[in-house]
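Under our numbering, the residue at position 34 of the sequence shown is numbered 15, and the numbers go up by one with no gaps.
Even for Gly, the Cβ is constructed at its ideal location relative to N, Cα and C.
Quantities reported herein were computed from a predicted structural model and do not represent experimental measurements.
So the structure is just underneath, and the comments pick up after that.
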Amino acid sequence: MFAVIYRGFILPEHEQAYRQAWREIADYFVQHAGALGSTLHKTPAGEYIAYSRWPDKATRDRYWDEQGNLQTVAGLNETIATLKMAIDRNKPYDEIAMEVVDETEKKIP
-18 MFAVIYRGFI LPEHEQAYRQ AWREIADYFV QHAGALGSTL HKTPAGEYIA
32 YSRWPDKATR DRYWDEQGNL QTVAGLNETI ATLKMAIDRN KPYDEIAMEV
82 VDETEKKIP
């Protein structure tokens, strides 16, 4: 399994739009692109952290360019633009990409 952590501060006036765009994009990847799931978190300091899981790096990389930017996906161009517009560019973070080496998980009923 392959996992990626995306981090960033969201401009306060765009938080709701960001959360809606994140949900739409995450749902698309699970339903149509092979993603295993994604979780969005918000820290007390206001930082948003998304954790996404994929079966392997190749499956995930089909949707990102060589610079790590989300590519255009048919039907999601406006949603992707909304997501990018909401991010505070004055506080950039690189993604963290990693192979999962072990896992334990309790299923939530």
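For residue i versus residue j, is the C-beta distance shorter than 8 Å?
i: threonine 24; j: tyrosine 32; result: no
i: glycine -11; j: aspartate 75; result: no
i: tryptophan 35; j: leucine 57; result: no
i: valine 81; j: phenylalanine -17; result: yes
i: alanine 7; j: alanine 67; result: no
Decide if residue i is buried, meaning its Cβ has at least 16 other Cβ atoms within 10 Å, or exposed.
i: alanine 26; result: exposed
i: arginine 41; result: buried
i: isoleucine -9; result: buried
i: isoleucine 77; result: exposed
Could you check the C-alpha separation between residue i and residue j for me, to the nearest Å?
i: histidine 22; j: isoleucine -14; result: 11 Å
i: alanine 14; j: tyrosine 44; result: 9 Å
Report yes or no: do the segment 60 to 75 and the segment -3 to 14 share at least 3 C-beta pairs separated by less than 8 Å? yes
What are the uninterrupted segments assigned as beta strand (DSSP E) that are 3 or more residues long and contained completely in the segment 26 to 77, given in chain order? 28 to 35
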